[in-house]
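See structure below.
There are 2 protein chains.
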Amino acid sequence: MSSKARVLLVGSGGIGTVTALNLEQGGLAEVTVVCRSNYKAATEKGFTIDSCEHGKFSGWRPSEILNKIPDVSADKSIMPFDYIIVTTKNIPDVPPTVVDLIKPAVTEGHSVIVLIQNGLNIEKPLHKAFPTNVVLSGVSLMGANEISHGHIVEEDPDRLFISPFLGSAIDDEKEIAAAKEFVRIYQASGKVQCSYEADVLFIRWRKLMYNAVWNPICALTDMDTTRLRLASEDGPDSPVNLLVKPAMNEVRAAAKAAANVELPESLVQDMIDADPMEIWCCPSMLQDKRKKRYIEYQNIVGEALRDGEKAGVAMPTVRTIFGLCKAVQWRTMDHHGLVHPEKMLKEQTKA
Amino acid sequence: MSSKARVLLVGSGGIGTVTALNLEQGGLAEVTVVCRSNYKAATEKGFTIDSCEHGKFSGWRPSEILNKIPDVSADKSIMPFDYIIVTTKNIPDVPPTVVDLIKPAVTEGHSVIVLIQNGLNIEKPLHKAFPTNVVLSGVSLMGANEISHGHIVEEDPDRLFISPFLGSAIDDEKEIAAAKEFVRIYQASGKVQCSYEADVLFIRWRKLMYNAVWNPICALTDMDTTRLRLASEDGPDSPVNLLVKPAMNEVRAAAKAAANVELPESLVQDMIDADPMEIWCCPSMLQDKRKKRYIEYQNIVGEALRDGEKAGVAMPTVRTIFGLCKAVQWRTMDHHGLVHPEKMLKEQTKA
């Protein structure tokens, strides 16, 4: 029996696969990776990885590759997982939810669930569904993409902030210890920056200043952040001034009112200038929109809006952006046949 | 010499061509139509028109078809035009402006300019450029499209509101008389509803409740009004409630504060329900966006916003929609090579 931590990694795209690689390189974990569309490529040829900190790999394989979530309660021959790391997108408005997705693999009272995902309140459904399991927050600044099945390019280094979410039925001390232990395992490769951060709300709200603003605005306008900044050079009446700044300030106000998180005003300009101009950065929501994929607008825009408005903050810019995202998501559902406008109209006419 | 009014019609798409047909059918006008992309089709085969009030025409020709604006000052053999009707889109942010477009055809102190176009303040550049010419407002509710070069289908009947814009250097009485005379000529066919409306601001702001709201929201979400209404059936947190209603109420408040125009609250629901569900109405801005054409957001959204904010009205929903439209227009300019982001970035890096 191995003394290594047994890790299940769900979501083997760019960030997920580099996460698996880093853990295996550290030597303190053996990783079972769950693949979907890239399963055939990964099992037949292994992963091709071009990583800015781990180097180049061809035919790399984690300890195990599966094509679906293992059912540990049904199959007693499967050893329990110590960690379940989720690096999928988090789209609660389109099934399956994260809870439904990982449920078969969770061992009650044992598996530590690590959500390396954006947005607010993403732990809440997990606390409810798995009250005896620690749920950790992972906020990643890594930039990595799967450019073809099983071929990963990591361009922006792996910086991971790990925090306890707290607020669950479990002792805070136990959650903090679990977070620190996960950091130890993740850091073992010596190649990445992984730190324990006590203040999960600060970490998550700060990232939302970028994500709740640039992501939907780029998606709604079909523009990268460089183009939006160039289009804003002609004066006060510009997309950055009309959209980006007011939305970021609304998120700041919401963070203060809803979570007592102080995001200094200077962060607004920092977040406007966050992307180097020459990379023509396309935030993930823009990439998803272009590929007619669902967008993560509920946890990224919606939860910030709901928390802020519940705390009495007026967020008209974010609210309008949210409404437009909601419509865009419905359009994508329509495209994929999850809603049926013709049928809805027929039923309405009958009624 | 004809006693008929000599009319130049600029913009021979769906609405323009039906407008020309109606004037010729009335017998009080002879119309010179300026064609662009459909010039070849129109001269070779005439227009094919399927009109809900005038019937079907094949090979229909107005009195004259030109492929550019005639230069009446340069060519003295051209008789002055009594009326210059403009049915092009009005996109002041993309050259040429309406002023530059029609300038060669305007006879000072004589030609009456009729703008059958949407939006606010569209007369102002014309009053400045042509201070001795009457400028009339035309607000059309016609639904007509050019489905292929020279082939026009009119589905929604021609209802035209004609008003004097007033506010120019010319006597109000003269402008009012010119408006009434144009109505007489336009009504002569006996087939259309054309009325003189004294209150141009009421007419234009009322139409903006629909146009400044549905048009950009449909364009930004790539959805027709039926889909947006169906997507709003699931509760208060819907696109109609988050976007359409607040934006319409902001336009109402702006109309009151900026122009003393009372738009009753009941108009909000009327404008939400304006389109029959079964026609899956795609407002023109959505059609233009889908064809990668420029959108008329400046006069339709921008002027309402500027007038409203100048009068002290908070319009955060419309403002956000305007900012997104501005970005979308820049993207279209980028697509057509009117802006050069790579070059802009290079120059920025050098500086």
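Chains V and F, in that order, are what the protein sequence lines are.
Under the numbering used here, the residue at position 124 of the first sequence is numbered 230, and the numbers go up by one with no gaps.
Under the numbering used here, the residue at position 60 of the second sequence is numbered 166, and the numbers go up by one with no gaps.
No residue lacks a Cβ here, since even glycine has one placed at the ideal position from N, Cα and C.
- Between D440(V) and chain F, the shortest Cβ-Cβ separation is below 8 Å.
- Taken in chain order, the unbroken stretches of alpha helix (DSSP H) that lie wholly in the region 240 to 295 of chain F and span 4 residues or more are 278 to 293.
- Cβ atoms of R312(F) and L369(F) come within 8 Å of each other, at about 6 Å.
- The beta carbon of N355(F) sits closer than 7 Å to the beta carbons of V374 from its chain, once the five residues preceding and following it are set aside; these are given in chain order.
- Less than 8 Å divides the Cβ of R335(F) from the Cβ of V346(F).
- The three-state reading of DSSP puts R412(F) in helix, counting H, G and I together.
- Counting only residues of its own chain and dropping the five nearest sequence neighbours on each side, A361(F) has a CB closer than 7 Å to the CB of W311, V367 and L369.
- Within chain V, the residues R437 have their CB atoms less than 7 Å from the CB of D328(F), given in chain order.
- In terms of Cβ geometry, S217(V) and P186(V) form a close pair [threshold 8 Å].
- In chain order, C158 and E159 place their CB closer than 6 Å to the CB of P263(F), counting only its own chain and leaving out the 5 sequence neighbours on each side.
- Within 7 Å of the CB of I427(F), the CB atoms of chain V belong to T426, in sequence order along the chain.
- With respect to W436(F), A325(V) sits apart: the two C-beta atoms are not nearer than 8 Å.
- Membership of D394(V) in any beta strand (DSSP E) is not indicated; the residue belongs instead to the alpha helix (DSSP H) covering S390 to R396.
- By the CB criterion at 8 Å, N196(V) and G215(V) fall outside the cutoff.
- The beta carbon of E384(V) falls within 8 Å of a beta carbon belonging to chain F, placing the residue at that interface.
- In terms of Cβ geometry, I406(V) and N224(V) form a close pair [threshold 8 Å].
- The beta-carbon distance between I291(V) and G132(V), rounded to whole angstroms, is 6 Å. This is short enough to meet the 8 Å contact definition.
- For T138(V), the closest Cβ of chain F is not nearer than 8 Å.
- Within the same chain, and ignoring the five residues on either side of M421(V) in sequence, the residues whose Cβ sits closer than 7 Å to its Cβ are E356, A360, L411, G414 and E415.
- The residue among A417(F), M450(F), R425(F) and R399(F) with its C-alpha nearest the C-alpha of H442(F) is R399(F).
- Taking CB atoms only, M450(V) has a neighbour in chain F less than 8 Å away.
- Going by beta carbons, I268(V) and F288(V) fall inside the 8 Å limit.
- Taking C-beta atoms as the reference points, D381(F) and T426(F) fail to come closer than 8 Å.
- Counting of Cβ neighbours within 10 angstroms places S109(F) among the exposed residues, the total staying below 16.
- In terms of Cα proximity to Q454(F), the closest of I282(V), K452(V), T203(V) and M383(V) is M383(V).
- Residues of the region 313 to 338 of chain F whose Cβ lies closer than 8 Å to any Cβ of chain V, in chain order: I323, L326, T327, D328, M329, T332, R333, L334, L336 and A337.
- Beta bridge pairing from DSSP links V139(F) with L115(F) and I171(F).
- Per DSSP, I155(F) is one residue of the beta strand (DSSP E) stretching across F153 to S157.
- With 16 or more other Cβ atoms from the protein chains shown falling within 10 Å of its own Cβ, N128(V) counts as buried.
- Annotated three-state conformation of S109(F) is coil, per DSSP.
- Take the alpha-carbon of L114(V) and the one of M329(F): they are about 40 Å apart.
- When secondary structure is reduced to three states using DSSP, G429(F) falls in the helix class.
- Residue burial is scored here from C-beta neighbours: L247(F) has fewer than 16 other C-beta atoms within 10 angstroms and is therefore classed as exposed.
- A Cβ of chain F is located within less than 8 Å of the beta carbon of P447(V).
- C-alpha of P389(V) to C-alpha of W166(V): approximately 28 Å in a straight line.
- Here E279(V) is exposed, its C-beta having fewer than 16 other C-beta atoms within 10 Å.
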